Structures are given as C-alpha cells and as structure tokens.
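A.B. asks: In the numbering used here, the protein residues as written are 9 to 982. Just so it is clear, CB atoms sit at the ideal spot from N, CA and C, and this is done for glycine as well. All figures in this text were calculated on a predicted structure; none of them were measured in a lab.
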C-alpha cells in the first residue's frame, strides 16, 4: 500500500443515523451474487459487468421517485451483446431492463434483476439527405443530435425539457414530446424507421424492404398473432373510434393501440408499437428520424396574469394566432426559478396567485416573423395582464438572451421547484392532458384537489396542447405522508378520467407510477388487448416486468425512495441527471448524480454497516479522485449544485494535518517552487521521456497516485527564464502571465513568439500596451491548492495574489489581464471565499479580464488582419464556460482563420491542472469523443487558451494545440 494512501473512514458520515427502511441490506454488501456474476462475466467479459455494491447503488436511482437496486449492471457494446444478454435471460428465467440517461420520471429505467446500460457505447448521428433525415443511435442526447442538425437548418420534432441529458432511445421508448411537439411532431409521427432487437433476439430493421419477409421466416407465430389482433381491433368499430379519440390529445399511457390501425404489416405494426413501449417490447438500437425545419426567426414573450385560470383561459388566442409554443407557469414555479442563473431576482416577490404564459412564434423569414408579431399583438389586446414586479414587461421580443432566459426558467420547472422542496422529501412529477378547451377548468379543479389533500404543488405545462405538469413533495419515510399521496392519486386519476376524459400520462409514459390506473383510463377491453400484445411479443415476460402493465392496485407505492439529508451543497439534488453528459468522468467511474446517490445510501446505512464500508472503500477513487473538479455540473444543473466543490471538500477532509502544512509551506515558498519546476522541466528535455515515466511511476506506487504526477511525453519544454520587457508608463492594462505559462513553454514545433511575447506584441500593435510586473514570480491564482482541497495553502495564495493585483493595478484603476482561462476564473471568483475581510474589499475594486475578452473586445477592433490560416478547430475549456467567454474565443479565431469549427462533442478535457497527470485515464475517457471528432479530418491549426488543457488535447488527439492569442499575433504580424 502507498505510504500516504488516504483512509476511507475520513469520509464516513459523522451524523448519528438510524437504519432507513429502504437501505441496501447487509447481505448485498458483496455485490452481485454467484453464479450470476460469473456467468455474465464469462458471457460478456469482465469489463462489461458491473457487480460491486457501489455499482448497483449508483444505478438504483434515476429522476423518478422510485429506487430499485438491480442484481447486476451490464454494459453491452453492440447488438451481439444485447442478443447474448436476452438469450441468457430466457435460459435462466431472469428479467432485463434497459437504461440510458435515467431522466425518465416514472421509474421505467429501473430494474430489480439485470439492468442494461445502453448509454455508454451507443452514441452517434449520421445526417442523411442533406439533413432531411438523421440516423441516430439510442445513447445520443437530443441536444447533441440537434447540434449536428442545426448546421443543416434542421432539428428533431421531440423537444423535451431534459434535452440536455435525455437520449434518443428513451425519447422514442417513452414517446416523449416536449414544448412544441404536441401530437404531430412527436416520435410516433416523425420516426421514419427503427432497428430493434425483439425479446427473442431477432433483429428487425423496419426500413429493409424485405423486413416482413425476414420476420415471417424468423417469427411466424408473432406475425400471425399481430395480424390477428389487428383484425380484432378493426372489427370493433366502437373500440376503433375510442382509440382514435384517445390520441387526439397527447397520450403516452399504455401501448400505442393505434399502431394496429396505422400499420398494415407486422413490421409496420411493430414500428408503431415500439414507440412508447418503455423497453417492454425490445431494444431500440437505431432510429431514423424525419427532421423538421429549424425556423430561426423567433419572437417570444413572457406574459403575466393574475391567476392560473386567467392564464389558461388566454391560451386559445395564441393557438389561433399560430404560436408554436404556449407554456404555462404558476406562481410557485416562477418564484422557485429564481434559483436559476439569469432569472430576475424580483420574481421571488411575485404573488402566489400569479401565473405566466411563455408564448413563442417561429418563422423561416422576416416577413413571416412580422406577420406572426401582428397576430400576437392582436391576441394580447384585451387580456388582463399584470406587472407585479419591476422586471415584468409583458412584451414580445426578438432578443436572443431574453428568450433564452425565459426558456431556461421554464425548462427548470422540475429541477428548480424540486430543488426548493423541503429537505428530506421525495418529489413526484405528474403529467396529464385534457382537451385544450377545458384547460382552465382543469387548472381550477387541480388547485382545489391539491388543497383538499394538503399539497402546495407547483404547476406548469404545455398549455397549447392541454398538457399540465405538477409536482408534489412528501416524505416517503412517513407512512402517513405516503397514505396522503395515495389518496390524492386516487382522486386525481378519477378526476382526470371521469370529468375530463383526459390522459393520465401525456408525455412521461406510464412507468410504475400510473400502471395501476391504466384500466381506469382505457377500460377493460383495451387494457386486456395491451396485456395480450405484451404476451405476443414477450411471451416469457423477460423485458421490464411491472412497467406499463401491473395488476397490483398499489404498485405505484412500491419502491418509493427516501431522500436522506446529505451535505448542504448537494441536498437540493432531485437526481434528474442533467449534469451527467457534461461530466468528464461519466464514462469512467461516476457522475455528479451518482456521487450524490452513493452519499445518500451511506446516510441510509447504520454506522459501520458492511454496505457502508464497501461504499466508502470505492468512493475514494470512483467519486473523489476521478472528479476533474471542473464544476461544469454546476452549469448544467438548473439549481446550480456544484458537485465538484463537494469533491474538493472531501479531498480536504482526507488530508492529514501534516499534508495541509506541507501544502501551505509550498504556497509560502512558491517563488522557489516555481523556479525549481521550470528547471525540472528544462532538465527533462535532456533526461528523456522513458526514464521520467519510469521514475514517476515508481514514485506514484510508493507514495500515492493522487499526489505524484506521472510524466507524460506531451509535456512541453520549459518557458523562457525571463518574461518580455514592458513599461508601466502608458500601459493600458496589467498583464499577468499565469504560473503555468511561466513554467511551461509552447508547443515543441512552434517557431514564433511565446505566449507572453505574443500578448505583449499584439497589445502594442493595437495601441493598448500592457505591463508585466517585475514581481509576478511566486504568485499564482491559487487553483493548485483549491483543486486539491488544500485550504491552508489556498488561503495563503488567494490573499497574496489579491494583494499583489491590487498594488499592480493601482487599486483597480487598470484591468488585470490573465492569459489562462482557469487562472482568470480562479482570481475572479474562486479565491473569494478564502480572502480576509480586508482583501475581499480590495478584490471588489479589481477588474479581472481574461485574455480572450481582452483580445476580442479591446484589441481586435484596433488590429489589421494581414494573413489568415485556412481552418482552425477550437477547444473551449470548462473555465471559459464558467466565465462566459466562449464567444470571444470564437471571435478571435474567426479573425485568424477562414473556417472555424467547435466540435459538437467538445467538453472538459479533465486535465484540470495536473489531474490528467495524476489520473491519465480520466483525461483519456473525457476527451475520447471530442478527439475522435477532431481527428475525423485535418485542420491547419488547433487552438485553445489554457496551456494545461492544450497539453491534455495534445495527448488526446496527437495534434499540437496552442493559444489563440499566439495565432492572433501571427495573423497581425507586419
């Protein structure tokens, strides 16, 4: 064991705990039992079988209020693996559930036996017919697919609020729709073809002209019985009419019985049935969508009304005017969304009764937009609009930032409201639809019913389509609260069906939540047909039992998860999963959601239980060590949960007092450390990579992998010992070369000026010279200590850099330009909690400017571009995302290159200072997709604006990245 290996006990929850009724029991501490583990390992290979109890726990939760711990998790790579898993399940009498993003809200992505992760190896999009169609793999997120389609002026029809995280497989399997899809743009209407694997293992490609012939040969009984069901339904005119009527409004409750009416052959019937089948009929391995035009001329308004019913009553006006979206938000939703960055703070003061409509029109051109705006103005006339707080305008706008803010607030409905729920409560998200003409009546009835059962729920929805969502919070650990929820559900379902003839699930699919109420909505005849359809397609009941169909009247009360309190920073988490696609470690160890889920399970356990011990043993590497600490999860999370900050705090908790003292001593003597580091890098050029890799590898084994960086061949040579000469007299800004740029030089093959020389030169050319202080050596942005959780060292350096910057800039009269985005973020924001009160006042007077912003906003307007390169690919860093200066990176690059590309899969490289040298597997995993996209073609230059991230991308791609400011210097050099 390494000398300084941290002890797992350091992270053991300290609070007194009693065992929760839904904890993982001690008998499961060893993980997947034999022979299941051994048999699947032999079948698929050890890397595809996740069996530790920590693996099972992290997959047990999703965005729903349910929690079921699987026996094993398998990660197939291809259809052969899928077929092998299904064959095994048939032979052993086991059950299989498919899970992709885990964003579904009704428990349909959870299983109690074999859980199949179909996110990790199932991504990709192929654009067809110049964008008219797209072939997409099921693990691809909606947002990622639309990013590619946007280049062709196209987009997908389904647009769920969880587009950042939800995957195509889940969208089709649930027939999820969203803000604008309604009943005409959803998956059922826009899927051109599917490729899927039936429970028997038979693979069907519905686009194959011979598909029916092949299926009849492979599955004659299935074909015969599907056609028999079709004939039976069509012979019943009353039932046929009922089925057609049910889909005049949004409906995802039960199976798509209209597939029997719309399809004329077994393959066509199956294509329809697979949509909305929630993984109970087979595995969808590929989808071909008919795409839709991306109308870029947008006009939107957020209109405020005195009540929910008043807002609902106004909806028909905007439907008639041609609005593509009319979204409803009640007072609770509006007030809760102030936790979302960019939402006006005064919304917190809105009266509870207030409601709002987000109305949007989209047109392909200017005349179309003007026509819609005239129609909108007519629709608004005579409405009883209110402006209870100063930020409310009740006006239509074309301004992109304002429109984006409206949608950010709307899409954060579940997460923002859920994040503001009382601590320790479980969140239920209900979704129903009524005929749009009855929306106002439904709103009034819903509010009355909530009050009767003691719920102060939040309401929002796709009002244009009569589709409402509402949230309920209750404590699943209290039987009385569960009983109250059960009583409400009984009354709510009867109200929706008997009074409004509505859909109990409009777009979230049946899941476990509404399965007991399926017959209430559809009646016994149609419900029995659904059971028979399941029997025909999956006669052995292998796939997703108790999802969609369940005869237990209390099935929706089984498996409700408790939400034990955890660290304050993470406690609001509703486990939605929006954070996961942005996380650098998502394909390696754990995601932010899973880090929180594992922590919650520790809190369910009695102190010292075998399960807690196993979770703690795995948590160090899986959660703490392999967190890049980039905090992009905070950007993706609608309520701003920063799991990266929590992991940094856990690193701090694992430090011994001796380690903290050493780190503080390093900060105090950083001038000597910096000089030594530069000398060591210079000496490395003479020693050679192989020897250094061997020496550092041995040191890592002896000391601790998380303390000793591994030498990488991509590490560049040393920076020049002296920085460029500059003058304080006449300087427009103070230039602070980050310590990383004072230690490491540029790419080995670069023949031009260094980064500091380039910044000085290009600033002078623009008539805005910069001054480099003589005493920058020994200062740092403090990120070195902050990222590792060394609080004492962080305090030392944070205060030193602020005091120095205040002096250099003459008390903030000059801006401080920083040439590494992560260092800009560190000085501008991350140092603040560690400053003394006096230095916090000094910090407020500083103007800290990233070099990208300096170049784009101050220099470019004054420069003459003399030469351009052909093509450039960019790597926007996570710090740029936090600072909001990705646009400036692009602006500077576009001044230097004829073609500029930001990869669709660009994300955090996870090099994170030196974390890519501590855990190179983290960077390899984080950059794999981006690197593949970058290397799919040649570019003339590879650009970013952070030296360590550039090194990380060098390693990932085999290319040489350099700062965009160096390229700007070349483009403007006389």
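#1: List the DSSP bridge partners of residue 858.
#2: Answer yes if the region 279-296 comes into contact with the region 188-202, meaning at least three C-beta pairs across the two stretches below 8 Å, and no otherwise.
#3: What are the boundary residues of the beta strand (DSSP E) that includes residue 153?
#4: On a Cα-Cα basis, can you pick out the residue from 839, 903, 852, 557 that is closest to residue 869?
#5: Of all the options 630, 331, 347, 71, which has the alpha carbon lying nearest to the alpha carbon of residue 479?
#6: Hey, could you find the ends of the alpha helix (DSSP H) residue 79 is sitting in?
#7: Just to confirm the assignment: which complete beta strand (DSSP E) runs, minimum length 3, are found wholly within the region 229-309?
#8: Who are residue 475's beta bridge partners in DSSP?
#9: Enumerate in chain order the residues of its own chain whose CB-to-CB distance from residue 929 is below 7 Å, with the five nearest sequence positions on each side excluded.
#10: What does residue 186 pair with, by DSSP beta-bridge criteria?
#11: Among 524, 542, 720, which residue has its Cα nearest to the Cα of residue 263?
#12: Checking the sheet assignment: what are the DSSP bridge partners for residue 779?
#13: Take residue 439 as the anchor and find which of 38, 216, 497, 205 has the nearest alpha-carbon.
#14: Go to residue 851, then tell me how far its alpha helix (DSSP H) extends in each direction, as first and last residue.
#15: Please work out which residues of its chain come closer than 6 Å, Cβ to Cβ, to residue 797, disregarding the five sequence neighbours upstream and downstream, and give them in chain order.
#16: Taking the continuous alpha helix (DSSP H) assigned at residue 34, which residues delimit it?
#17: Which ranges does the alpha helix (DSSP H) cover as unbroken runs of at least 4 residues, wholly within the region 303-343, from first to last along the chain?
#18: Any chance the CB of residue 22 is under 6 Å from a heavy atom of the ligand SAH?
#19: Identify whether residue 358 lies in helix, strand or coil by the three-state DSSP scheme.
#20: Pull the bridge partners of residue 907 from the DSSP assignment, please.
#21: Taking buried to mean at least 16 other C-beta atoms within 10 Å of its own C-beta, is residue 737 buried or exposed?
#22: Quick one: Cα of residue 482 to Cα of residue 337, how far?
#23: Answer yes or no: do residue 109 and residue 184 have a C-beta to C-beta separation smaller than 7 Å?
#24: Run through the region 627-708 for me and flag every whole alpha helix (DSSP H) of 4 or more residues, listed as ranges in chain order.
#25: Helix, strand or coil, according to DSSP, for residue 970 in the structure here?
#26: Pull up the DSSP beta-bridge partners for residue 125, would you.
#27: Out of 826, 814, 803, 824, which has the shortest C-alpha to C-alpha gap to residue 840?
#28: Where does residue 550 sit, in a helix, a strand or coil, going by DSSP?
#29: Can you give the beta carbon distance from residue 832 to residue 858, rounded, assuming they're within the 8 Å contact cut?
#30: List the endpoints of the continuous beta strand (DSSP E) containing residue 4.
#31: By how many angstroms is the C-alpha of residue 347 removed from the C-alpha of residue 777?
#32: Please tell me whether residue 976 and residue 770 are closer than 7 Å, where the distance is taken between their beta carbons.
#33: According to DSSP, is residue 141 part of a helix, a strand, or is it coil?
#34: Quick check on this structure: which residue in 518, 213, 916 has the alpha carbon closest to the alpha carbon of residue 260?
#35: Taking the alpha-carbon positions, what's the residue 800 to residue 632 distance?
#36: With DSSP as the reference, label residue 482 as helix, strand or coil.
C.D. replies: Inspection of the coordinates gives the following:
#1: Residue 858 pairs with 826.
#2: Yes, the region 188-202 touches the region 279-296.
#3: Per DSSP, residue 153 belongs to no beta strand (DSSP E); it is in the alpha helix (DSSP H), 150-158.
#4: The candidate whose alpha carbon is nearest that of residue 869 is 903.
#5: Minimum Cα distance to residue 479 is reached at 71.
#6: Careful: residue 79 lies outside any alpha helix (DSSP H) and carries neither H nor E.
#7: Fully contained in the region 229-309 are the following beta strand (DSSP E) runs of length 3 or more, in chain order: 291-298.
#8: DSSP links residue 475 through a beta bridge to 441, 470.
#9: For residue 929, where only same-chain residues beyond five positions count, the Cβ hits under 7 Å are 596.
#10: Per DSSP, the beta-bridge partners of residue 186 are 167.
#11: Closest by C-alpha distance to residue 263, out of 524, 542, 720, is 542.
#12: Answer is 742, bridged to residue 779.
#13: With distances taken between CA atoms, residue 439 lies nearest to 497 out of 38, 216, 497, 205.
#14: Where residue 851 is concerned, the enclosing alpha helix (DSSP H) stretches over 845-853.
#15: For residue 797, same chain residues with a beta-carbon under 6 Å away, outside a window of 5 residues either side, are 656, 659, 660 in chain order.
#16: Premise fails: residue 34 is in no alpha helix (DSSP H) and is neither H nor E.
#17: For the region 303-343, whole alpha helix (DSSP H) runs of length 4 or above, ordered along the chain, are 316-329.
#18: What this structure holds is no ligand at all, so the ligand SAH is not there to describe.
#19: Residue 358 falls in the coil class under three-state DSSP.
#20: According to DSSP, residue 907 bridges with 879.
#21: The Cβ neighbour count for residue 737, taken over all protein chains shown within 10 Å, is under 16; the residue is labelled exposed.
#22: Straight across, the Cα-Cα distance linking residue 482 with residue 337 is about 21 Å.
#23: No Cβ-Cβ contact shorter than 7 Å links residue 109 with residue 184.
#24: Runs of the alpha helix (DSSP H) spanning 4 or more residues and lying entirely within the region 627-708 occur at 640-644, 651-662, 665-676, 678-695, in chain order.
#25: If DSSP states are grouped into helix, strand and coil, residue 970 belongs with the strands.
#26: Answer by DSSP bridge pairing, in chain order: 107.
#27: Of 826, 814, 803, 824, the residue nearest in Cα terms is 803.
#28: Residue 550 carries a coil assignment under DSSP once its states are collapsed to helix, strand and coil.
#29: Taking a contact as a CB-CB distance under 8 Å, the pair residue 832 and residue 858 counts as one, their CB atoms being some 4 Å apart.
#30: An answer regarding residue 4 cannot be provided, because it is not within the stretch 9 to 982 covered by the chain.
#31: Their backbone Cα atoms lie some 41 Å apart in a straight line.
#32: Their beta carbons are under 7 Å apart, which means residue 976 touches residue 770 by this criterion.
#33: If DSSP states are grouped into helix, strand and coil, residue 141 belongs with the strands.
#34: That would be 518, whose Cα lies nearest to the Cα of residue 260.
#35: Those two C-alpha atoms are separated by around 20 Å.
#36: Correct three-state label for residue 482: strand.
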